[in-house]
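Okay, so here's the structure we're looking at.
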Amino acid sequence: MNTFFDRYMQTQDRSKTILTTFTGSYNAAELTQQMDAYVDLLHNKKIRGKRVAVLVPHVFSYVSLIMAINKLGGVVSPISSSYRSDDLKQILSFLDPHIVFTITTHGGFPFAHEVEEWAKSSDNYTVLYKSDDSFQWEERNIGDMSREKPDEAAPIDFISFTSGSTGVPKGLMLQTSNLEALGQCFKDTSDMRAGDRLFVTAPASSVMGLAIISVGFKQGAQIILPDSFELPLMVKLMKDSNINKMLTTPSILKAIYPFAEQMAPVTIANLEFCGLAGEVVTEEISNQFSFNDKCRISGIYGCSEHGGILDCDLRKKAQWSLYSGIDYKIDLDGELLVRTPHGFLGYYKREDLTSQVWTLDGWFRTGDLVRMNEDNKFEIIGRKKDLIKKGGQQVAPGEVEHILLQHPNVKQAVVLGAPHPVYGEQVVAFTVLHDATSVKELYPFCSGRIAGYKVPDAIEVLSEIPIVQGKADKITLRKMFLAKKG
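When the sequence shown is numbered by the numbering used here, its final residue is 541 and no position is left out of the sequence of numbers.
Here you go:
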């Protein structure tokens with residue numbers, strides 16, 4: 056039994072709620088019924104080995120659909136509704152799916168129109184399903200039926216797109232077992248049990264979202280997953296579901312906490328576990344929120360390619376321990392390399408990228424710089440590719456962010472490099488402050504704690520940090536800075 060449904064849905068109490076979204080609560084029987092409806096819809100399409108792109112923001116319909124595609128042997132490719140015309144068409148052209156399911160319009164954007172325009176521009180045959188409500192589907196066949204696309208020969212279950220640092224998406228080839236391994240890491244860290252009510256902000260279209268859904272269903276937990284990023288509605292969902300655990304990013308927690316403190320103080324007071332992942336995580340974050348003393352606050356470090364790798368107790372110093380079953384070594388330049396039993400299959404149609412992240416002797420390059428401390432624990436310095444090269448010196452953004460967050464006026468900080476005519480790159484900090492008038496205090500505060508070349512050359516004050524897929528949107532921040540400087 057290797058399908059998503061077989062692994063995670065067969066042992067459930069069919070009447071128990073396992074998924075809650077903005078649109079309602081659903082049990083295993085309802086998910087199975089909707090999955091069967093999609094199986095009937097697709098049965099005659101013979102989709103085994105065919106790539107099926109799924110752009111369905113309605114979480115219940117989306118989960119039911121991907122289970123149906125997976126059960127029939129199709130290759131599921133979740134597509135985020137955060138994409139717009141250029142990046143959406145870029146992904147579709149690269150993936151060249153046999154079948155596309157898309158919502159007609161979402162967030163004011165005409166997804167079905169854009170997908171149809173892409174399909175018409177393609178020389179190949181594409182089956183398009185579009186819907187106004189994510190349930191009633193209109194089928195349209197586009198292109199010459201004699202120009203059928205080749206099926207996937209490799210045993211791929213999912214092709215999940217993740218944005219790289221350049222903004223060009225990469226397609227991760229995964230099997231269902233990869234999702235299970237990633238979910239298992241979170242299960243162990245959170246001590247997930249049947250009866251838990253887990254609030255998750257990872258998009259359902261992401262690898263993390265799929266992994267948490269899978270392990271939650273298997274454990275008999277209730278997964279509370281918002282269909283869109285609307286803070287007041289998210290807090291109401293937390294309150295109404297009486298959550299006891301949550302998994303989010305530092306950026307989203309900082310955005311959602313003020314609303315939760317006002318709208319759902321009892322929910323916050325009763326929280327048992329808060330897991331933070333997806334961004335730089337420091338111990339200072341545990342001091343920024345009034346969780347009860349018994350609430351465990353954990354940092355979870357990993358990657359979509361290999362799942363969870365390290366975790367830490369953020370009530371203490373931010374020092375990290377390896378998950379069991381993972382081997383590691385630290386390269387000469389400080390990069391962490393790992394071996395896990397559940398690594399991804401590679402980047403879709405990008406053997407060049409795949410070969411860059413694997414060494415010849417089978418180690419995966421995480422791209423993260425670490426060091427071992429006196430307690431034989433890992434300290435994460437930052438991303439290797441994010442290193443700012445300034446006048447012959449290298450600056451780790453995470454180190455500068457760590458210093459800025461120690462200042463009592465700083466609520467959020469994101470540091471990145473931007474072009475400089477003399478030094479090559481300069482250090483730019485984007486901050487959200489309690490009092491914007493005191494931004495000048497941050498320069499001497501930093502200079503007294505880190506080397507001069509690491510002190511930000513520019514500190515920008517924002518009302519909020521832009522977020523994409525749960526993380527600080529560094530691409531947008533860099534564009535904002537460059538546009539401002541002309």
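Even glycine gets a Cβ: it sits at the ideal position worked out from N, Cα and C.
Exposure of N233, with buried meaning 16 or more beta-carbon neighbours within 10 Å: Here residue 233 corresponds to residue number 178 of the sequence shown, with the count starting at 1. It counts as buried.
Expressed to the nearest angstrom, what Euclidean distance is found between the alpha-carbon atoms of K100 and G275? If you number the sequence shown from 1, residue 100 lands on position 45. If you number the sequence shown from 1, residue 275 lands on position 220. Cα to Cα, K100 sits roughly 33 Å from G275.
Could you say which of L96, K105 and V336 lies nearest to V130 if we only look at CA atoms? Translated into positions along the sequence shown, residue 130 becomes position 75. Checking every option, the nearest Cα to that of V130 belongs to K105.
Check each candidate in T304, K540, I443 and I522 and name the one with the smallest Cα separation from Y508. For the purposes of this step, residue 508 is taken as the residue at position 453 of the sequence shown. Answer by Cα proximity: I443.
Helix, strand or coil: how does DSSP classify V545 here? Within the shown structure, residues of the chain are numbered from 56 to 541, placing residue 545 beyond reach of any answer.
Neighbourhood of I385 by C-beta, 8 Å cutoff - its chain only, sequence neighbours within 5 removed: The residue labelled residue 385 in the question sits at position 330 within the sequence shown. Shown here for I385: same chain residues with a beta carbon closer than 8 Å to its own, the five before and five after excluded, namely L391, L392, V425, R426 and M427 in chain order.
Element boundaries [alpha helix (DSSP H), containing I267]: Looking up residue 267 in the sequence shown gives position 212. From DSSP, the alpha helix (DSSP H) with I267 extends over V262 to Q274.
Could you pull the start and end residues of the alpha helix (DSSP H) that P499 belongs to? Locating residue 499 in the sequence shown gives position 444, where the first residue counts as 1. Counting along the chain, the alpha helix (DSSP H) containing P499 begins and ends at L497 to S502.
In terms of residues, what are the limits of the alpha helix (DSSP H) holding H457? For the purposes of this step, residue 457 is identified with residue 402 of the sequence shown, where counting begins at 1. Annotation for H457: the continuous alpha helix (DSSP H) segment containing it runs P452 to L459.
Got a sec? Which residues, its chain only, sit under 6 Å from H161 by beta carbon, not counting five neighbours each side? Counted from its first residue, the sequence shown places residue 161 at position 106. Cβ-Cβ distances below 6 Å link H161 to P112 and S136 in the same chain, with the five nearest sequence neighbours on each side left out; the list follows chain order.
Contact set for R351: own chain, Cβ-Cβ below 6 Å, skip 5 residues either direction: Reading the sequence shown from its first residue, position 296 is the one you call residue 351. Residues F328 of the same chain have their beta carbon placed closer than 6 Å to that of R351, with the five preceding and five following residues left out of the count.
Per DSSP, which one or two residues make a beta bridge with L471? The count along the sequence shown starts at 1 and reaches residue 471 at position 416. Note: L471 sits in a beta bridge opposite V483.
I'd like the list of long-range same chain contacts for K144, defined as Cβ closer than 6 Å, with 5 residues on each side in sequence excluded. In the sequence shown, residue 144 corresponds to position 89, counting from 1. Here the set comprises W173.
E480 burial status per 10 Å Cβ neighbour count (16 or more: buried): Taking the first residue of the sequence shown as position 1, residue 480 is located at position 425. E480 comes out buried.
Residues in its own chain within less than 8 Å of L286 by CB, not counting five upstream and five downstream? Taking the sequence shown and counting its residues from 1, the one referred to as residue 286 is at position 231. A310, I311 and F314.
What does DSSP give as the partner residues of Y81 in its beta bridges? The sequence position of residue 81 within the sequence shown is 26, counting from 1. Residue pairing by DSSP places Y81 opposite L74 in a beta bridge.
Beta-carbon proximity of Y180 to G198, cut-off 8 Å: Here residue 180 refers to the residue found at position 125 when the sequence shown is read from its first residue. Here residue 198 refers to the residue found at position 143 when the sequence shown is read from its first residue. Yes.
Identify whether S220 lies in helix, strand or coil by the three-state DSSP scheme. For the purposes of this step, residue 220 is taken as the residue at position 165 of the sequence shown. Bear in mind that a pLDDT of 45 at S220, under 50, signals an unreliable position, so the model cannot answer this.
Report the three-state DSSP secondary structure of C329 (helix, strand or coil). Taking the first residue of the sequence shown as position 1, residue 329 is located at position 274. Shown here, C329 sits in a strand according to DSSP, grouped into three states.
Local conformation of W173 per DSSP, three classes: Residue 173 sits at position 118 when you count from the first residue of the sequence shown. W173 falls in the helix class under three-state DSSP.
Closest by CA to R139, which one among R103, R252, V182 and P165? Taking the sequence shown and counting its residues from 1, the one referred to as residue 139 is at position 84. Of the candidates R103, R252, V182 and P165, the one whose C-alpha sits nearest the C-alpha of R139 is P165.
Just to confirm, are L302 and V336 a CB contact at a threshold of 8 Å? What you label residue 302 is simply residue 247 of the sequence shown in a count that begins at 1. What you label residue 336 is simply residue 281 of the sequence shown in a count that begins at 1. No, these two residues do not count as a Cβ contact at 8 Å.
Counterpart residues of A513 in DSSP-defined beta bridges: Counting from 1 along the sequence shown, the entry for residue 513 is found at position 458. Answer by DSSP bridge pairing, in chain order: V483.
What residues are listed by DSSP as bridge partners for C367? Numbered from 1 along the sequence shown, position 312 holds the residue referred to as residue 367. DSSP lists G354 as partners of C367.
Under the rule that 16 or more other beta-carbon atoms within 10 Å means buried, what is D251, buried or exposed? Counted from its first residue, the sequence shown places residue 251 at position 196. With 16 or more other Cβ atoms from the protein chains shown falling within 10 Å of its own Cβ, D251 counts as buried.
Would G226 and Y63 be called neighbours here (beta carbons separated by less than 8 Å)? Counted from its first residue, the sequence shown places residue 226 at position 171. Counted from its first residue, the sequence shown places residue 63 at position 8. No, these two residues do not count as a Cβ contact at 8 Å.
How should T395 be labelled, buried or exposed, when 16 other C-beta atoms within 10 angstroms of its C-beta is the threshold for buried? Numbered from 1 along the sequence shown, position 340 holds the residue referred to as residue 395. Buried: at least 16 other Cβ atoms inside 10 Å.
Does the distance from the C-beta atom of L253 to that of I279 stay below 8 Å? Numbered from 1 along the sequence shown, position 198 holds the residue referred to as residue 253. Numbered from 1 along the sequence shown, position 224 holds the residue referred to as residue 279. Cβ distance < 8 Å, so L253 and I279 count as in contact.
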